[in-house]
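Input: a single structure, listed below in structure tokens.
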Amino acid sequence: MSATAGWVDFSPTSGNLDPIGVMTSALAGRGPAGEGLWRSAHAALGHRSTSPSDVQPLATGNAAGSRTVLTFAGRLGNAQALRARLRSLGRDVRSDADAEVVLRAYEQWGEECAERIEGTYAFALWDERREELFLVRDRMGVKPLFYAPTEHGVLFGSEPKAILAHPGFTPAVDAGGLRDILSIARVPGHAMFRGMYEVRPGCVVRVGRGHRPSERRYWALRAGEHPDGLDKTVATVRELLETVVAEQFGPAGEPPASLLSGGLDSSSLTALAARTASGLGTGPVRSLAVNDQDAEDPDGTSGNEDHAYARLMAGHAGTHHHEISLAGLDLLDPRLRADVLAAYDVPINKGDQYASLLSLFRAAREHAPVALSGELGDDVFGGYNWQRFDRWVHTDTFPWVEEGRARFDGMAAVFDAGLLATLDLAAYEHDCHRDAIAEVDARAAVADPAEARHREVTYLALTRHSRVLFDRLDRLGTAAGLDIRVPFADPRLLAYTFDIPWSMKSHDGREKSVLRAALRDVLPEQVAMRVKTPYPNLRDEAYDRVLRERLAAVVRAGDSPVLPLLAEGLRQATALEGVGRAVLETALQLDDWLRTYGVRVEL
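Here the sequence shown stands for residues 9 to 611, where the numbers follow our numbering.
Following this line, the structure appears as structure tokens:
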């Protein structure tokens with residue numbers, strides 16, 4: 009984990025206000041082992057670390073006395089190779105620390121060092137001689153980094169809470185932020201707070217004297233022709249995954265834990281981790297799963313059986329398996345839900361899922377500091393229904409938005425009609441979809457229109473849908489003190505698999521054909537052939553009833569800042585019958601958020 013925070017201010021009175029300490033302390037959960045601060049006349053950088061040996065910010069000077077200062081959060085994937093290359097060029101890289109490698113890489117290649125650095129990270133670098141700040145985020149945006157331009161500079165931090173801790177930033181939300189909250193069309197770069205932004209994945213943001221922040225993209229997925237046939241593709245996917253999983257082991261071969269659902273993705277990673285641990289002689293992998301007796305499969309036809317498949321896979325791989333049992337009403341615990349909001353800093357619409365995940369991650373941290381997640385496997389290999397079926401694929405909006413509309417039944421019954429007309433969520437989602445597919449231009453690279461659309465949908469999955477997945481792993485994992493790794497997000501794997509044609513991805517007539525073929529020999533047959541099942545939903549009607557009662561109570565109290573955003577006539581829970589759970593969760597989260605963070609609504 010670890011974290012970065014800071015500010016740049018080119019005004020003559022910048023030294024009169026120095027809140028770097030409080031900004032950095034706000035991120036203590038990301039780096040409980042210690043804090044480091046660096047200050048100059050026009051810049052301040054802070055760092056929170058997970059190890060006493062991680063001494064940052066790291067600074068180096070030149071003959072003229074100017075300094076280059078870095079605060080780096082995350083881990084490099086190519087540190088060893090990059091260190092050797094820098095030494096061959098005469099750079100004095102003295103330690104094994106990733107941060108020093110990045111600092112020396114900047115000294116050698118300047119801003120273009122971003123193209124050479126691999127891994128999952130976010131960093132801020134202040135070049136005192138040039139009076140420029142560089143904010144850099146990894147290729148897929150696994151690690152977060154936020155910034156807020158000011159009149160004379162910028163504020164930045166690994167989470168919004170660092171920027172919110174600065175006394176000069178006033179928390180507010182405008183129509184744009186409310187669109188992001190009420191829609192499920194996640195847009196890279198948006199941060200929901202007015203005046204705050206994310207550094208987009210694969211981008212460098214530069215801030216200099218007299219200039220607004222400017223952005224440069226240093227990496228992106230590009231559509232083209234896939235070079236290999238089926239057999240070579242299957243073999244290459246297996247080889248890439250073996251390499252990526254092995255890279256998640258500790259320096260002495262310590263195996264990561266595995267978040268095991270019993271599905272194809274998490275089971276594949278568990279199997280590869282178990283084989284790697286066996287080869288290294290470093291002991292069994294620990295696997296962890298949720299046993300949620302109040303859950304159901306998404307089609308609602310049966311109780312969820314994730315835990316049964318997880319047990320089967322754990323026995324097959326020889327892991328030390330642990331289960332955490334949850335009941336639906338446990339997920340309504342106000343303290344647990346407050347912890348979820350504190351982890352995110354913004355409202356979410358899946359309160360039951362995220363409370364469940366936070367509980368799982370906390371349990372996992374009791375057994376291991378690092379865990380593998382199978383997230384993004386569906387996005388990469390085509391596991392979602394909205395990637396497979398024409399009624400969702402061939403739409404003029406995000407396919408998962410079209411598929412998930414039923415979850416938002418009752419939006420018009422809960423939120424003010426004038427507000428919804430102003431936001432016009434359908435037009436917003438349409439415009440965001442149009443802008444996203446323009447980035448990849450698959451139709452210019454792929455001759456067949458149907459295949460080009462599938463390539464667009466994969467791009468949308470990897471650049472838009474993935475934002476939800478990465479955010480919840482990072483925020484909730486951090487809140488639990490758990491470092492969650494996402495092997496399916498490795499850019500080497502993505503660059504290779506992105507152009508696999510849909511006919512190959514579904515060559516056996518079902519979802520994730522290539523992944524199944526690549527890992528089938530290390531999986532139980534029942535797991536390999538299991539139908540894709542998303543994270544389980546609660547089937548407890550008592551849970552929905554409590555949500556309705558809580559929202560009605562908020563309305564009756566008459567003092568909530570969310571009231572101007574809500575429709576009339578919600579004083580009784582019966583008025584909320586038939587409203588989708590996601591809508592109820594969103595309204596309640598908005599109430600908590602506006603109160604807890606003191607957010608002003610500015611429409």
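All residues carry an ideal CB built from backbone N, CA and C; glycine is no exception.
Item: My guess is that PHE164 and LEU153 are in contact by the Cβ rule of under 8 Å, so how many angstroms apart are they, rounded?; Value: 7 Å
Item: Can you tell me the Cα-Cα spacing of ARG579 and ARG564, whole angstroms?; Value: 5 Å
Item: Tell me the rounded alpha-carbon separation between ARG608 and ALA180.; Value: 4 Å
Item: Relative to the alpha-carbon of TYR205, which residue among SER103, SER191 and LEU172 has its alpha-carbon at the smallest distance?; Value: LEU172
Item: Give me whichever residues DSSP pairs with VAL609 in a beta bridge.; Value: VAL181
Item: Going by the CB atoms, is the gap between LEU248 and LEU502 shorter than 7 Å?; Value: no
Item: Considering only C-alpha positions, which residue in the set SER333, GLY485, LYS520 and ALA231 is nearest to PHE496?; Value: LYS520
Item: With distance defined between alpha-carbon atoms, name the residue in HIS50, LEU384 and GLU43 nearest to GLN4.; Value: Because the chain in this structure spans residues 9 to 611, residue 4 falls outside the shown range and cannot be described.
Item: Quick one: what's got a C-beta closer than 7 Å to VAL185's C-beta in the same chain, skipping five residues either side?; Value: Here residue 185 is Gly; the residue named in the question, Val, does not match the sequence. Closer than 7 Å at the Cβ level, and outside the excluded window around GLY185, lie MET200, PHE201 and ARG202.
Item: If you draw a straight line from the alpha carbon of PRO542 to that of GLY385, how long is it in whole angstroms?; Value: 12 Å
Item: Let me know if ARG442 comes out buried or exposed under the rule of 16 or more other beta-carbons within 10 Å of its beta-carbon.; Value: exposed
Item: Can you grab the Cα-Cα spacing for the pair GLU223 / GLY588, in whole Å?; Value: 39 Å
Item: Does the segment 67-81 come close enough to the segment 38-57 that 3 or more CB-CB pairs lie under 8 Å?; Value: yes
Item: Which stretch, first to last residue, makes up the beta strand (DSSP E) that contains GLU43?; Value: 42-47
Item: Counting only the same chain and skipping the five closest in sequence on each side, list residues whose C-beta sits under 7 Å from that of PHE369.; Value: LEU484, GLY485, ALA488 and LEU490
Item: Nearest-angstrom Cα distance between ALA414 and PHE406?; Value: 15 Å
Item: Relative to the C-alpha of LEU573, which residue among THR604, LEU431, PRO457 and LEU531 is closest?; Value: LEU431
Item: How long is the line joining the alpha carbons of VAL387 and HIS438, rounded to whole angstroms?; Value: Residue identity check: residue 387 is Asp in the sequence provided, not Val. One C-alpha to the other measures close to 21 Å.
Item: Count the other CB atoms, across all protein chains shown, that sit within 10 Å of the CB of THR284; report buried if there are 16 or more and exposed otherwise.; Value: buried
Item: Can you check which of these residues, GLU447, SER286, GLY359 and ALA350, is closest to TRP227 by C-alpha distance?; Value: GLU447
Item: Out of curiosity, what's the CA-to-CA distance linking HIS402 and TYR467?; Value: 14 Å
Item: Taking the alpha-carbon of LEU427 as reference, which of ASP182, ARG194 and LYS540 has the nearest alpha-carbon?; Value: ASP182
Item: From the DSSP output, in three-state form, read off TYR129 for me.; Value: strand
Item: Can you give me the Cβ contacts of HIS515 inside the same chain, cut-off strictly under 7 Å, excluding the 5 residues immediately before and after it?; Value: LEU238 and SER521
Item: Consult DSSP for TRP601 and reduce its assignment to one of helix, strand or coil.; Value: helix
Item: Spatial neighbours of LEU598 within its chain, please: C-beta separation below 6 Å, excluding the five flanking residues on both sides.; Value: PRO355 and VAL570
Item: Less than 7 Å separating the beta-carbons of MET9 and ARG47?; Value: no
Item: Using a Cβ-Cβ cut-off of 6 Å (strictly less than) and excluding sequence neighbours within five positions of ALA376, which residues of its own chain qualify?; Value: ALA265 and ARG294
Item: Can you give me the Cβ contacts of ILE332 inside the same chain, cut-off strictly under 8 Å, excluding the 5 residues immediately before and after it?; Value: LEU296, ALA297, VAL298, ASN299, SER367, LEU368 and ALA371
Item: Taking just the CA atoms, how far does THR241 sit from GLU593?; Value: 42 Å
Item: Which first and last residues belong to the beta strand (DSSP E) in which ARG214 is found?; Value: 211-216
Item: In this structure, what does DSSP give as the bridge partners for ILE492?; Value: ALA379
Item: For ASN357, does the count of other Cβ atoms within 10 angstroms reach 16, so buried, or fall short, so exposed?; Value: buried
Item: Are there three or more Cβ pairs, one per stretch, closer than 8 Å when the segment 265-280 is compared with the segment 521-540?; Value: yes
Item: If you drop the 5 nearest sequence neighbours on each side, which residues of the same chain put their C-beta closer than 8 Å to that of LEU94?; Value: VAL101, VAL109, ARG112, ALA113 and GLN116
Item: Name the two residues that bound the continuous alpha helix (DSSP H) containing THR284.; Value: 272-288
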